[in-house]
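Right, one structure below, let's go through it.
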Amino acid sequence: MASDALPLSHPLRCTLQKCFRTLQEQHETWKSTLAACTSLLASLSNLAEQMQASQKVAFANTPLRDFPDLPERLRHRQQGAAEALLEELWGKLLELQKVWDAVGVHVASVFQQYEQQEGLCQERALQRSVLCPSLADMLEWLLDVERFYHGMYPLKASSV
């Protein structure tokens, strides 16, 4: 009776299960990476405000005039901090790219496995049961997930 719930071969069923587990793991990675990006962008924004403010200060008219190289040293430190933040942000973008790629690979593997099925009754594969969605539903979900990630991260590493 359980085998009637999803009229799929064992390899296709295993591939689907593995794909959905991996998608869940990748989504968690995606969320944590986005949270880290948000934090980095906030830090970068704060640093940009500091850099703008320091350019407006007339150090010669303050008690800091006794330190003639202070503006240059401050600008150098701020630029170094900005470069470090940008480098870290770039690393996070590469992590998002890895998730994007992993989702694509797993979705493609399911479709490849599906295409290799011989004797899969199309009518039964399109039927839903109380215990399980139809194969068509699951394949559509996978395409939706892939579209989601492509929409969220539309850039390829080669174009970045």
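When the letters of the sequence shown are read in order and numbered with this note's numbering, they come out as residues 12 to 171. From the three backbone atoms N, C-alpha and C, an ideal C-beta is built for every residue, glycine too. Keep in mind it's a predicted model, so treat the numbers as computed, not measured.
| Asked | Found |
| --- | --- |
| Complete alpha helix (DSSP H) runs within the stretch 73-145 (minimum length 4 residues, chain order) | 81-126 and 133-136 |
| 8 Å Cβ cutoff met for Tyr160 and Trp111 | yes |
| Counted within 10 angstroms of its Cβ, other Cβ atoms place Lys103 as buried (16 or more) or exposed | buried |
| Residues near Arg84 by beta carbon distance below 7 Å, same chain, minus five either side | none |
| Reduced DSSP secondary structure (H/G/I, E/B, other) of Val69 | Strictly speaking, residue 69 in this sequence is Ala, with Val absent from that position. Coil at Ala69, not helix or strand. |
| Cβ neighbours of Leu23 in the same chain (closer than 7 Å, five flanking residues each side left out) | Gln124, Tyr125 and Gln128 |
| Rounded straight-line distance, which links the Cα of Glu98 to that of Asp15 | Annotation note: pLDDT 48 at Asp15 (below 50); position unreliable, coordinate value reported separately. Asp15 and Glu98: Cα-Cα distance of roughly 52 Å. |
| Integer-rounded CB distance, given that Gln63 should sit under 8 Å from Gln89 | With 8 Å as the limit, Gln89 and Gln63 do not qualify as a contact, their Cβ atoms being about 10 Å apart. |
| Selected residue, minimal CA-CA separation from Gly91, among Ala59, Ala69 and Ala119 | Ala59 |
| Closest by C-alpha distance to Thr26, when choosing among Leu153, Phe78 and Arg86 | Leu153 |
| Cut-off 6 Å between Cβ atoms - residues of its own chain near Ala93, not counting five sequence neighbours on either side | Leu58 |
| Residue of Asp155, Ser145 and Lys109 minimising C-alpha distance to Glu36 | Lys109 |
| Rounded C-alpha distance that separates Pro79 from Ala47 | 38 Å |
| Closest Cα partner of Val156 within the set Ala119, Gln138, Leu142 and Leu137 | Ala119 |
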